[in-house]
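Undergrad:
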Amino acid sequence: MGLFQKFKEVFKSKKEREDELKEILDEEFDVSFDGEDSSEDVLEENSCDEVEEEKSDEILQDNDSLDDIHLEKTEKSDEVSSKEEDIVTEDVAIELPKLATEKTKKAKKKKKGIFNLSEKDQDLVTYDKGLEKTRKEFVSELSLLGKRFTKVNEEYYEELESLLIKADIGVNTVFKFLDRLRTRVKHENITDTSYLTEVIVDELFMIYVEGESLTDKINIADSGPTVILMVGVNGVGKTTTIGKLANKYHNEGKKVMLIAGDTFRAGAVPQLEEWAKRTDSLFYGKENTDPAGVIYDGLLQAKEENVDIVLIDTAGRLQNKVNLMNELDKINKVIGRHVPDAPHETLLIIDATTGQNGISQAESFKSITNITGIVLTKLDGTAKGGIVLAIKESVGLPVKFIGLGEGLNDLRAFDIEDYIYGLFKDMM
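Letter by letter, the sequence shown follows residues 35 to 462 of the working numbering.
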C-alpha cells in the first residue's frame, strides 16, 4: 500500500473539517474560505489589531474635528441665516461617524474569524489559501493530462515530465521520480491513466516523507536559551522572517531576543530593532562593527535576562564564499562558547519565487556551514510549489517553515500532510 493510500483517511478528515470551517468563516464572520471576496483581509497579521485601533482613533479624531466644524458653521449660519449650509454640514456630521463605526465593526468581525480558530485549523485555512496558485495550475493540468490520455505511453511520460519541471520540482528530481514511476507502472501493470494520477501523487508524497518523520520541528534546548541562527542571501525576506518567528514565539509565551549580526548592511540593524519593538522582543545590535562581537555581547545579555529564544540575523553576502564561511565559522564558535550545543538550529531562508536559484543557494550555503533546515518564503506568490520537494531531494534538508502570505501570522510550521492536502485536495 502506498503512502497516499495510507493517509487517505487523514485527508478525508481534513476535507470534512475544511467544510465545517467554511461554514464557520462564511456565515459567522462574513469571510470566504476559498479566497473570494474578503479572505485577504482575514489573513492579515495580528498586528493589524494595532493598525485598526490607530485607524479607529484617526476616525474618532476626524469625527471630533467634524463636530467642531459643524459648531463653527452652525454659528456662522445663525449670523448669515444660511439654512442650506446648516443642512449639508449636519448630514456630514451624522453620516460619517455612522459609516466609520460600521466599517470598524465589520473589519473587527472579519479579523476575529481565523484567529479564533485552533492552531491546526489556522494551518488548514492558511495552507489552502497559500497553495492556491500551485493547486490551480499544477493539479488542474495533472487532471487534464489523465483525461487526455487513455493509456500510459511514452507521450504521456513526456507530457508529465514537462508538467513536473514547470512546477519547479527540479530536473534531477523529476528524472528520479519518472524512473520510480516507470518501475511501479511496470511492476503493478498499470494501464489506466486515471488510476495512475493517484499513483503520481503517492510517489510525490514519498519523495518527501520516505524514511522521515512527517512533521519537521525546531530543536528546542532542554535548558537555557534556544539559539536559532538565520542565514540567506539579501532580498529573500530574512529580516521579515525573523520578525514573524519572534511574533510566533512571543505569542506562545516565550521571552524572545533578536540579535543583529548583519552589522554592515545599511539599515539592517534599525530594521531588526523595529521588528523587536513590534513583537515585544528584546534587542541587541550595533552598526559597522564585528558581527561576532555583537553576537557575543548579545548572548551575554540574553543569558542575564533568562531569554527563551534567541534569533540571530547574519549578513547575506554569497559572492565571496570564503569570507562568508570564515565569518559564519567565527560566529558559530562564539555561540558555542556561550551556549552549549548551540546554535540549536541554522535555518536557511529561501525565496520560493526564485525557483531553481533557491536550490543553488541551498547547495552553496550547505557547503560552507551546517544548515539544519529551510524556511521557504513567498510560497503563496508562486505556482511552482513543487520546490518543497526539490529542496528535500536535491540537498537533503527538511523545510521547517513556509511563508504563505504577507501577514505576521502567515509563516507556518511546515507539515507534509497539510502541504500534500493543500496541493491535491481537488483530486480527492
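Where a beta carbon is used, it is the ideal one built from N, C-alpha and C, also for glycine. Keep in mind that this is a model prediction, so the values were computed, not measured.
DSSP three-state label for arginine 312, please.
TA: Locating residue 312 in the sequence shown gives position 278, counting from the first residue. Helix.
Undergrad: Excluding the 5 residues preceding and the 5 following aspartate 314 in the sequence, name in chain order all residues of the same chain whose CB lies nearer than 7 Å to its CB.
TA: Position 280 of the sequence shown, counting from 1, holds the residue named residue 314. These residues qualify, in order along the chain: His284.
Undergrad: Rounded to whole angstroms, what's the CA-CA distance from proline 131 to leucine 445? Just pull it up for me.
TA: By one-based count along the sequence shown, residue 131 stands at place 97. By one-based count along the sequence shown, residue 445 stands at place 411. Confidence is the limiting factor: at proline 131 the pLDDT is only 41, short of 50, which leaves the residue's position unreliable and the question unanswerable from this model.
Undergrad: Where asparagine 19 and serine 394 are concerned, what is the direct C-alpha to C-alpha distance, given to the nearest angstrom?
TA: Since the displayed the chain opens at 35 and closes at 462, residue 19 lies outside it and no answer follows.
Undergrad: Where asparagine 404 and threonine 275 are concerned, what is the direct C-alpha to C-alpha distance, given to the nearest angstrom?
TA: Residue numbering aside, residue 404 sits at position 370 when the sequence shown is read from its first letter. Residue numbering aside, residue 275 sits at position 241 when the sequence shown is read from its first letter. The alpha-carbon atoms of asparagine 404 and threonine 275 are separated by roughly 20 Å.
Undergrad: Report yes if the CB atom of glycine 407 is closer than 8 Å to the CB atom of lysine 163, and no otherwise.
TA: Taking the first residue of the sequence shown as position 1, residue 407 is located at position 373. Taking the first residue of the sequence shown as position 1, residue 163 is located at position 129. The answer is no: Cβ separation not under 8 Å.
Undergrad: Taking DSSP as the reference, what is the three-state secondary structure of threonine 403?
TA: On the sequence shown, position 369 is the one that residue 403 refers to. In the three-state DSSP reduction, threonine 403 falls in the coil class, being neither helix nor strand.
Undergrad: For lysine 434, report the span of its beta strand (DSSP E) as first-last.
TA: For the purposes of this step, residue 434 is identified with residue 400 of the sequence shown, where counting begins at 1. Looking at the DSSP string, the run of the beta strand (DSSP E) that includes lysine 434 is 433-437.
Undergrad: Ignore the nearest five residues each way along the sequence and tell me which others in alanine 310's own chain have a CB closer than 6 Å to its CB.
TA: The count along the sequence shown starts at 1 and reaches residue 310 at position 276. If we look at alanine 310 and ignore the five residues flanking it on each side, its Cβ neighbours are Leu292 and Phe317.
Undergrad: Taking the beta carbon of threonine 227 as the centre, do at least 16 other beta carbons fall within 10 Å, making it buried, or is it exposed?
TA: Looking up residue 227 in the sequence shown gives position 193. When all chains shown are included, threonine 227 counts as buried.
Undergrad: Excluding the five sequence neighbours on either side, which residues of its own chain have a C-beta within less than 6 Å of the C-beta of alanine 294, listed in chain order?
TA: In the sequence shown, counting from the first residue as 1, residue 294 sits at position 260. Same-chain partners within the cutoff: Val303, Leu306, Gly319 and Asp347.
Undergrad: So which of Asn366, Leu431 and His372 has the shortest CA-CA distance to alanine 396?
TA: The residue labelled residue 396 in the question sits at position 362 within the sequence shown. For the residues Asn366, Leu431 and His372, the minimum Cα distance to alanine 396 belongs to Leu431.
Undergrad: Please state if the CB of tyrosine 453 and the CB of valine 429 are separated by a distance shorter than 8 Å.
TA: Within the sequence shown, numbered from 1, the residue matching residue 429 stands at position 395. Within the sequence shown, numbered from 1, the residue matching residue 453 stands at position 419. Against a cut-off of 8 Å, the Cβ pair of tyrosine 453 and valine 429 comes out as no contact.
Undergrad: Here's the rule: buried if 16 or more other CB atoms are within 10 angstroms of the residue's CB, otherwise exposed. What is tyrosine 242?
TA: Here residue 242 is taken as the residue at index 208 of the sequence shown, counted from 1. Buried, since its Cβ has 16 or more Cβ neighbours within 10 Å.
Undergrad: With alanine 280 as the anchor, note down where its beta strand (DSSP E) starts and where it stops.
TA: Mapped onto the sequence shown, residue 280 falls at position 246. Per DSSP, alanine 280 belongs to no beta strand (DSSP E); it is in the alpha helix (DSSP H), 272-285.
Undergrad: Taking the C-alpha atoms as reference points, what is the distance between arginine 169 and asparagine 322?
TA: Counted from its first residue, the sequence shown places residue 169 at position 135. Counted from its first residue, the sequence shown places residue 322 at position 288. C-alpha separation (whole angstroms): 45 Å.
Undergrad: Within 10 angstroms of its Cβ, does histidine 378 collect 16 or more other Cβ (buried), or is it exposed?
TA: As a working note, residue 378 is residue 344 in the sequence shown. So histidine 378 counts as buried.
Undergrad: For a quick check, are the C-beta atoms of phenylalanine 298 and alanine 349 less than 8 Å apart?
TA: For the purposes of this step, residue 298 is identified with residue 264 of the sequence shown, where counting begins at 1. For the purposes of this step, residue 349 is identified with residue 315 of the sequence shown, where counting begins at 1. For phenylalanine 298 and alanine 349, yes; Cβs fall inside 8 Å.
Undergrad: What does the Cβ neighbour count give for isoleucine 450, buried or exposed, with the cut at 16 atoms within 10 Å?
TA: Mapped onto the sequence shown, residue 450 falls at position 416. It is buried - the Cβ of isoleucine 450 has at least 16 other Cβ atoms within 10 Å.
Undergrad: Let's see if you can read the secondary structure: which residues bound the alpha helix (DSSP H) around glutamate 440?
TA: Mapped onto the sequence shown, residue 440 falls at position 406. Taken as a continuous stretch (DSSP letters only), glutamate 440 belongs to no alpha helix (DSSP H), as it is neither H nor E.
Undergrad: Going by C-alpha distance, which of Phe183, Gly271 and Lys154 is nearest glycine 441?
TA: Reading the sequence shown from its first residue, position 407 is the one you call residue 441. Cα-wise, what sits closest to glycine 441 is Gly271.
Undergrad: Can you pull the DSSP bridge partners for isoleucine 383?
TA: Reading the sequence shown from its first residue, position 349 is the one you call residue 383. Note: isoleucine 383 sits in a beta bridge opposite Val409.
Undergrad: How would you call phenylalanine 458, buried or exposed, if buried means at least 16 neighbouring beta carbons within 10 angstroms?
TA: Here residue 458 refers to the residue found at position 424 of the sequence shown. So phenylalanine 458 ends up on the buried side.
Undergrad: Pull up the CB-CB distance for leucine 165 and glycine 437, whole angstroms please, since I reckon it's below 8 Å.
TA: Numbered from 1 along the sequence shown, position 131 holds the residue referred to as residue 165. Numbered from 1 along the sequence shown, position 403 holds the residue referred to as residue 437. Wrong, their Cβ atoms sit about 12 Å apart, outside the cutoff.
Undergrad: Indicate the three-state DSSP secondary structure (helix, strand or coil) for glycine 327 in the structure shown.
TA: The residue labelled residue 327 in the question sits at position 293 within the sequence shown. Helix.
Undergrad: Can you tell me whether DSSP reads threonine 260 as helix, strand or coil?
TA: Numbered from 1 along the sequence shown, position 226 holds the residue referred to as residue 260. Correct three-state label for threonine 260: strand.
Undergrad: Is valine 186 buried or exposed, if buried means 16 or more other CB atoms sit within 10 Å of its CB?
TA: As a position in the sequence shown, residue 186 is number 152, starting the count at 1. The residue in question, valine 186, is buried, as its Cβ has 16 or more Cβ neighbours within 10 Å.
Undergrad: Taking just the CA atoms, how far does valine 433 sit from valine 233?
TA: What you label residue 233 is simply residue 199 of the sequence shown in a count that begins at 1. What you label residue 433 is simply residue 399 of the sequence shown in a count that begins at 1. Cα to Cα, the separation comes out at about 24 Å.
Undergrad: Name, in chain order, the residues that DSSP records as bridge partners for glycine 319.
TA: Within the sequence shown, residue 319 is the residue found at index 285, counting from 1. According to DSSP, glycine 319 bridges with Ala294.
Undergrad: Is DSSP giving leucine 179 helix, strand or coil here?
TA: Residue numbering aside, residue 179 sits at position 145 when the sequence shown is read from its first letter. Leucine 179: helix per DSSP, three-state reduction.
Undergrad: For the alpha helix (DSSP H) that valine 159 lies in, which residues bound it at each end?
TA: Residue mapping note: residue 159 aligns to position 125 of the sequence shown, counting from 1. Residues 153-164.
Undergrad: When the Cα of glutamate 338 is compared with those of Gly269, Ile383 and Lys289, which residue comes out closest?
TA: Numbered from its first residue, the sequence shown carries residue 338 at position 304. It is Lys289.
Undergrad: One question on the structure: do valine 373 and glycine 258 come within less than 8 Å of each other, judged by their Cβ atoms?
TA: Stepping through the sequence shown from its first residue, residue 373 is reached at position 339. Stepping through the sequence shown from its first residue, residue 258 is reached at position 224. The answer is yes: Cβ separation under 8 Å.
Undergrad: With burial defined as no fewer than 16 other Cβ atoms inside 10 Å of the residue's Cβ, what is the status of serine 229: buried or exposed?
TA: Here residue 229 is taken as the residue at index 195 of the sequence shown, counted from 1. Residue identity differs from the one stated: residue 229 is tyrosine in this sequence, not serine. With fewer than 16 other Cβ atoms within 10 Å, it is exposed.
Undergrad: Helix, strand or coil, according to DSSP, for alanine 417 in the structure here?
TA: As a first step, residue 417 must be located in the sequence shown, where it is residue number 383. Note: alanine 417 maps to coil in three-state DSSP.
Undergrad: Output yes or no for whether 8 Å exceeds the beta carbon distance between valine 208 and leucine 198.
TA: As a first step, residue 208 is located in the sequence shown; it is residue number 174 there, counting from the start. As a first step, residue 198 is located in the sequence shown; it is residue number 164 there, counting from the start. Yes, the Cβ-Cβ distance between valine 208 and leucine 198 is below 8 Å.
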